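Below you'll find the structure, written out as structure tokens, and then a few comments.
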Amino acid sequence: MPQPPAKIRLVDVAIVFRPRDRDPVVACRDVTFDVPEGSIVTIVGPSGCGKSTLLNIVSGLLAPSKGLAEVDGRPVDGIRHDVGYMFARDGMMPWRTALENVEFGLEVRKVANRREIAREWLRRVGLDKFEGHYRHELSQGMRQRVAVARTFAIEPNILLMDEPFGALDSQTRLLLQELFLEVWEKNKRTVLFVTHDLHEAIFLSDVVIVSTNRPGRVKSMVPITLPRPRLPPAELAVAPEFRDIYSRIWADLKDEVRKFD
Amino acid sequence: MAVASVPEDLGLAAEPDPRIRYRRVLIARLVVVAAVLAVWQAVVAIGWVDAFWISSPVLVVEELWSEIASGALFFDVFATVSEALIAFVISSALGIVAGLLLARSPFWDDVLAPLVLALNSLPRIALAPLIILWFGIGMTAKVVTAFTLVFFILLVNTLGGAKNVDNDILTIAKLMGASRRDILWKVTLPSALPWIFAGLNLGLTYSLLGVIVAEILSSNQGLGFVIASSAATFNTAGVFAGLITLAVVAWLASALMRYAEAHLLRWKPSLTSA
Numbered sequence: 000m001p002q003p004p005a006k007i008r009l010v011d012v013a014i015v016f017r018p019r020d021r022d023p024v025v026a027c028r029d030v031t032f033d034v035p036e037g038s039i040v041t042i043v044g045p046s047g048c049g050k051s052t053l054l055n056i057v058s059g060l061l062a063p064s065k066g067l068a069e070v071d072g073r074p075v076d077g078i079r080h081d082v083g084y085m086f087a088r089d090g091m092m093p094w095r096t097a098l099e100n101v102e103f104g105l106e107v108r109k110v111a112n113r114r115e116i117a118r119e120w121l122r123r124v125g126l127d128k129f130e131g132h133y134r135h136e137l138s139q140g141m142r143q144r145v146a147v148a149r150t151f152a153i154e155p156n157i158l159l160m161d162e163p164f165g166a167l168d169s170q171t172r173l174l175l176q177e178l179f180l181e182v183w184e185k186n187k188r189t190v191l192f193v194t195h196d197l198h199e200a201i202f203l204s205d206v207v208i209v210s211t212n213r214p215g216r217v218k219s220m221v222p223i224t225l226p227r228p229r230l231p232p233a234e235l236a237v238a239p240e241f242r243d244i245y246s247r248i249w250a251d252l253k254d255e256v257r258k259f260d
Numbered sequence: 000m001a002v003a004s005v006p007e008d009l010g011l012a013a014e015p016d017p018r019i020r021y022r023r024v025l026i027a028r029l030v031v032v033a034a035v036l037a038v039w040q041a042v043v044a045i046g047w048v049d050a051f052w053i054s055s056p057v058l059v060v061e062e063l064w065s066e067i068a069s070g071a072l073f074f075d076v077f078a079t080v081s082e083a084l085i086a087f088v089i090s091s092a093l094g095i096v097a098g099l100l101l102a103r104s105p106f107w108d109d110v111l112a113p114l115v116l117a118l119n120s121l122p123r124i125a126l127a128p129l130i131i132l133w134f135g136i137g138m139t140a141k142v143v144t145a146f147t148l149v150f151f152i153l154l155v156n157t158l159g160g161a162k163n164v165d166n167d168i169l170t171i172a173k174l175m176g177a178s179r180r181d182i183l184w185k186v187t188l189p190s191a192l193p194w195i196f197a198g199l200n201l202g203l204t205y206s207l208l209g210v211i212v213a214e215i216l217s218s219n220q221g222l223g224f225v226i227a228s229s230a231a232t233f234n235t236a237g238v239f240a241g242l243i244t245l246a247v248v249a250w251l252a253s254a255l256m257r258y259a260e261a262h263l264l265r266w267k268p269s270l271t272s273a
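So this is what it looks like as structure tokens:
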């Protein structure tokens, strides 16, 4: 099968943190993998294995101690402005309404019809009736919907997701995972996703990368061959193919998580 | 997702009408004030304390009336208010700008932080005699005295607010392509606004304080002068008239400030619900 070109590529990346007055910590090392154009690749691994750090390297917020990150075949050297970034905290600006939050990225890019674009995205995440609401007037799930709209509204070249649904209750999380995939299906941006949640990883991804305990290394790469568009997460979870994949990945991950005990 | 709006009738117990409560509060407040005035008047009328020391509400009203009638009161209020306002605007503007600049430059923040702390700990009122020596008894001395107080309040508060911007918001703004200018105007400033307003509220009080102190020390006009010169001539009614006018001015100013704050910080949950 011909491989689609790599959109994001990490080559032999290592990250060493040097806290003052303490021994250096190797967060991850020898990390090499590709994220093919238009696919979702998810990294799962124990806490502290440098998952989020890898996202920061791809976004240019952090330079690797060793190795190289590339996007579109060119090395990352500085903060990228073409990434959509989401994390567990919503990052909403409390002084802006939901609509104004979605507008922010378009505003700094001087997009002319930003209001209509932002409205359209709020509608797609089901918040059209809440455009004038401030952060404190929205539930955690709604805030994360705003974050989804804000992230997609700027039509990012790549998406970096750092446990974006991690702070939600489990029902809301399922709904947002579904919403995310639904939105993603329309334009198939390249996504590098990080999560603890194996269900989430399998439901969303084309490839799941299992990371070792710290220092994080690529332990295995598991292609998820489930057909797209995927079944809703709750239905998918009981499908036999899903359970095979789940137990395979869990077998890999279990040893790494155990090392903490 | 269907987000339920609040249904019309939840069968909730009827909440007491807030307007009725507010009216009660207002009436009780008036009763308290009337009681204090009555006791004050009675104490003097019975002869427990000589009116020479504490004057009396009737005497104070007479004094106020004569000062209003002669126009002297407006002249003094105008002097004090304009000095305080000029001091407030200049000191706040410069304090906010300085705070934002220091927030952008960690190096100069480190250099200046202990110096600012030392200056800010100094009881600035002690500088007033020196300031009067330098600038004379005109408006400048009053503005400068107030400035030494208010500038630092705004500097410290703005700096605190600007350094406490949520890191997630900053990261997202940067990744979305916000320039330094965008970050300043669209992130740092709105995020620091509650801190700045806390500073402005305090700064307003201290502007008035600085101006009044300088007037008391050396002046020929203004409410501070009225109070000081009345006391010097044993005119207690004049002192109280000056104090009451001052209280009204201060109250009006802070009411205006609260109004502006409620408007500009309407996104703050505590303010909109309060």
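Heads up: the protein sequence lines correspond to chains R and Z, in order. One point on numbering: in numbering that gives the first Met the number 0, the residue at position 12 of the first sequence is 11, and numbering is uninterrupted. One point on numbering: in numbering that gives the first Met the number 0, the residue at position 185 of the second sequence is 184, and numbering is uninterrupted. Yeah, the Cβ is synthetic: ideal placement off N, Cα and C, and Gly gets one too. These numbers come from a predicted model, not from an experiment.
Give the C-beta separation of residue i and residue j to the nearest angstrom, bearing in mind that I take them to be a contact with Cβ-Cβ under 8 Å.
i	j	result
residue 30 (chain R)	residue 53 (chain R)	7 Å
residue 137 (chain R)	residue 130 (chain R)	Residue 137 (chain R) to residue 130 (chain R), Cβ: 11 Å. No contact.
residue 196 (chain Z)	residue 264 (chain Z)	6 Å
residue 12 (chain R)	residue 66 (chain R)	4 Å
residue 221 (chain Z)	residue 108 (chain R)	Going by Cβ atoms, the distance from residue 221 (chain Z) to residue 108 (chain R) rounds to 53 Å, so no, they are not a contact pair.
residue 189 (chain R)	residue 6 (chain R)	4 Å
residue 184 (chain R)	residue 232 (chain R)	So it is not a contact: roughly 15 Å between Cβ atoms.
residue 244 (chain Z)	residue 76 (chain Z)	6 Å
residue 198 (chain Z)	residue 79 (chain Z)	Not confirmed; about 22 Å, so no contact.
residue 78 (chain R)	residue 174 (chain Z)	7 Å
residue 231 (chain Z)	residue 191 (chain Z)	Not really, about 45 Å apart at Cβ, beyond 8 Å.
residue 175 (chain R)	residue 144 (chain R)	7 Å
residue 217 (chain R)	residue 32 (chain R)	6 Å
residue 226 (chain Z)	residue 216 (chain Z)	Actually they are not in contact, since the Cβ atoms of residue 226 (chain Z) and residue 216 (chain Z) sit about 12 Å apart, beyond 8 Å.
Are the CB atoms of residue i and residue j nearer to each other than 9 Å?
i	j	result
residue 43 (chain R)	residue 194 (chain R)	yes
residue 160 (chain R)	residue 245 (chain R)	no
residue 96 (chain R)	residue 192 (chain R)	no
residue 172 (chain R)	residue 148 (chain R)	no
residue 27 (chain R)	residue 165 (chain R)	no
residue 207 (chain R)	residue 201 (chain R)	yes
residue 189 (chain Z)	residue 249 (chain R)	no
residue 218 (chain Z)	residue 136 (chain Z)	yes
residue 219 (chain R)	residue 251 (chain R)	yes
residue 90 (chain Z)	residue 153 (chain Z)	yes
residue 187 (chain Z)	residue 97 (chain Z)	no
residue 182 (chain Z)	residue 90 (chain R)	no
residue 119 (chain Z)	residue 155 (chain Z)	yes
residue 206 (chain Z)	residue 84 (chain Z)	yes
residue 34 (chain R)	residue 157 (chain R)	yes
residue 106 (chain R)	residue 10 (chain R)	no
residue 37 (chain R)	residue 187 (chain R)	yes
residue 246 (chain Z)	residue 203 (chain Z)	no
residue 257 (chain Z)	residue 200 (chain Z)	yes
residue 235 (chain R)	residue 227 (chain R)	no
residue 152 (chain R)	residue 199 (chain R)	no
residue 212 (chain R)	residue 45 (chain R)	yes
residue 179 (chain R)	residue 163 (chain R)	yes
residue 65 (chain Z)	residue 39 (chain Z)	no
residue 194 (chain Z)	residue 134 (chain R)	no
From the DSSP output, read off the bridge partner residues of residue i.
i	result
residue 217 (chain Z)	None, per the DSSP bridge assignment.
residue 207 (chain R)	R:41 and R:221
residue 33 (chain R)	R:8
residue 15 (chain R)	R:25
residue 215 (chain R)	R:27
### Task
Would you mind listing the beta strand (DSSP E) stretches within the stretch 58 to 131 of chain R that are 3+ residues and don't spill past its ends, in chain order?
65 to 70 and 82 to 86
### Query
Three or more beta-carbon pairs under 8 Å between the stretch 54 to 66 of chain Z and the stretch 223 to 239 of chain Z, yes or no?
yes
### Message
Would the stretch 138 to 149 of chain R count as touching the stretch 52 to 70 of chain R if we require 3 or more Cβ pairs under 8 Å?
### Response
no
### Message
When you compare the stretch 99 to 116 of chain R with the stretch 207 to 218 of chain Z, are there three or more beta-carbon pairs, one atom per stretch, that lie closer than 8 Å?
### Response
no
#### Entry: Any alpha helix (DSSP H) of 4 or more consecutive residues that is wholly inside the stretch 151 to 201 of chain R
169 to 186
### Query
Hey, is the stretch 114 to 130 of chain Z in contact with the stretch 148 to 168 of chain Z, meaning 3+ C-beta pairs nearer than 8 Å?
yes
### Query
Which ranges would you report for the alpha helix (DSSP H) in the stretch 152 to 212 of chain Z if only whole runs of at least 4 residues count?
166 to 174
### Query
Below 8 Å, can you find three or more Cβ-Cβ pairs linking the stretch 98 to 116 of chain Z to the stretch 41 to 52 of chain Z?
no
### Sequence ranges, beta strand (DSSP E) only - wholly within the stretch 102 to 156 of chain Z, length at least 3
none
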